[in-house]
């Protein structure tokens, strides 16, 4: 990813298009006493960043969008698959004790439970494991399918969904992670996860202008 910072020439190009657009690249080059080839990279950057829009046989238009609007446009194009991370899964028959060990060894707050076909059947949170740990039960003898959240009460998403929509779900349902799934003939295969950490990474990338 690259950081886009407009130089003085690019700012001058913007002003020309604002004042005289639609205007062709050749006419912009003439006004700046530059060749079309010299100007081409600047026009490409301005178009890619969303400041300009190019139309064949017409020329360049100024989009009129503010920095905030361009940022919003960027966010609305980001899909789950752009920021999802590797899921941590356990089999439905492992013990609560083993699940607790996995959670802490992997340093995650949510485990996704799968069956023998590696299909999603449940979700385990820290709270689920904590509740199971209270009392005198033998944790090595309790399988996680006894305490997990089951279908159809599992919130999940697909890779092609917008990340901003999934972030809203995380907030509304007050959960730490959502499994990313792929539909297969027998059910849902877990292919990723979206967590609050993923959303934080996006926020940092936006702050550094590292999202195209």
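Residue numbers (full-length UniProt numbering): 1 to 212. Virtual Cβ for every residue (Gly too), placed ideally from N, Cα, C.
- Residue pairing of residue 184 in beta bridges, as defined by DSSP: 187.
- Look at residue 168 here: in three-state DSSP terms it is helix.
- Contact annotation, residue 195 with residue 85: C-beta distance approximately 7 Å; criterion of less than 8 Å satisfied.
- Runs of the alpha helix (DSSP H) spanning 4 or more residues and lying entirely within the region 23-60 occur at 25-32, 36-49, in chain order.
- Around the C-beta of residue 58, fewer than 16 other C-beta atoms lie within 10 Å, and the residue is accordingly described as exposed.
- For the pair of segments examined, the region 158-169 was found not to touch the region 116-134: the number of CB pairs separated by less than 8 Å stays below three.
- Taking all protein chains in view, the Cβ of residue 48 is surrounded by fewer than 16 other Cβ atoms within 10 Å, so the residue is classified as exposed.
- DSSP places residue 91 in the uninterrupted beta strand (DSSP E) bounded by 89-91.
- With a 10 Å radius around the Cβ and a threshold of 16 neighbouring Cβ atoms, residue 151 comes out exposed.
- When only Cα atoms are considered, residue 10 and residue 110 end up about 47 Å apart.
- In this structure the region 79-96 touches the region 143-158; the number of beta carbon pairs closer than 8 Å is three or more.
- Per the coordinates, the alpha-carbon of residue 13 lies some 44 Å from the alpha-carbon of residue 172.
- Check the Cα spacing between residue 50 and each of 24, 99, 74: the tightest is with 74.
- Scanning 160, 139, 96, 199 for the CA closest to the CA of residue 183 turns up 160.
- In the same chain as residue 61, and ignoring 5 residues on each side of it, the C-beta atoms closer than 6 Å to its own belong to 21, 22, 53, in chain order.
- With contacts defined by Cβ atoms closer than 9 Å, residue 87 and residue 192 form a contacting pair.
- Residue environment analysis places residue 179 among the buried positions, since at least 16 neighbouring C-beta atoms fall within 10 angstroms of its C-beta.
- A straight-line Cα-Cα distance of about 7 Å links residue 98 and residue 140.
- Where residue 108 is concerned, there is no enclosing beta strand (DSSP E), because DSSP gives it neither an H nor an E.
- Distance from the Cα of residue 137 is smallest, within the candidate group 34, 206, 190, 96, for 96.
- Contact between residue 102 and residue 122 does not hold, since their C-beta atoms are separated by about 14 Å, which reaches or exceeds 8 Å.
- Counting along the chain, the unbroken alpha helix (DSSP H) around residue 17 starts and ends at 8-20.
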